[in-house]
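The sequence shown begins at 604 in this note's numbering and counts up one residue at a time.
Backbone N, C-alpha and C define an ideal beta-carbon position, used for all residues, glycine too.
Below is one structure, written out as structure tokens; comments come after it.
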Amino acid sequence: MLSCIALLLGCSSGVDPISIHDPSVPTADRRLIADGQDRVAVARAQYDEASAELVRMEQWHRQINRHSTWPDGTSALVTTLHQLLDARTDLLELQAERAAIEIDVAEAELELLVARVAVRNDRAVYDLEDIRDAVDDEKEEARQLDREIMQQMERLDQVTQQWWNDYSSFARGGGDVTPFYVVFDRPRR
């Protein structure tokens, strides 16, 4: 229960939270803490948005999987379409994971900020180096995921190019592309 309260306040159990309404803390420091809390709130909102986009993509993917009336001669094109949807879904999964890590980064930075304010105002003594190391670890995890996202974006670009090449070849060959119009009418927000 206490860890949940600390999490809601944006600090782990190692650093006691400081209220932005505490008059014994200088106004500039309270503003810094408020900014850090805002960053955590923004990171959570970005995670919610990334998760919602992933859910929309998964719904669209399921909708296309249920589409069973593909015309004859479209199996290669349908296969490429599924590869495209898989690549997009994989990218959105990584982006949602990255957004979750950004929450961890923001919370770790807030913890460091609160610890610095506490030390500066003689409220507590913390090992700032250990807290800084924890922030650095979170940032390194974020950088690693950024690299994975870039690789997935490159994969998506390749699959997208393949999709359009296959689609245009199919259309030039006289294939009926009408069923694929419905495919790209995906759910929006």
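Coarse secondary structure for residue i, derived from DSSP in three states
i: TRP673; result: coil
i: SER618; result: The displayed chain sequence assigns Val, not Ser, to residue 618. DSSP places VAL618 in coil when its eight states are reduced to three.
i: ALA648; result: helix
i: GLY778; result: coil
i: ASP730; result: coil
i: ASN668; result: helix
i: ASP725; result: coil
Cα-Cα separation between residue i and residue j, rounded to whole angstroms
i: ARG735; j: GLU705; result: 16 Å
i: HIS664; j: VAL720; result: 48 Å
i: GLU712; j: MET756; result: 28 Å
i: LEU697; j: GLU751; result: 8 Å
i: GLN686; j: TRP766; result: 9 Å
i: VAL738; j: LEU657; result: 27 Å
i: ALA653; j: ASP625; result: 35 Å
i: ARG647; j: VAL681; result: 36 Å
i: ARG746; j: THR672; result: 43 Å
i: GLY613; j: ASP689; result: Residue placement at GLY613 cannot be trusted, given a pLDDT of 45 that sits under 50; what the coordinates show is reported in the next sentence. Using only the alpha carbons, I get a separation of about 35 Å.
i: LEU611; j: GLN761; result: Reliability of the predicted coordinates at LEU611 is poor, the pLDDT of 42 falling under 50, and no value is obtained from them.
Closest Cα partner of residue i within the set the options
i: GLN649; options: ASP707, ARG746 and GLU714; result: ASP707
i: ASP793; options: GLY676, ALA718, MET660 and THR672; result: No answer is possible for residue 793: it lies beyond the span of the chain, which begins at 604 and ends at 792.
i: VAL628; options: VAL762, THR781, THR692 and ALA718; result: ALA718
Check: residue i C-beta below 6 Å from any heavy atom of the ligand ADP
i: HIS624; result: The ligand ADP is absent from the structure shown, which contains no ligand whatsoever.
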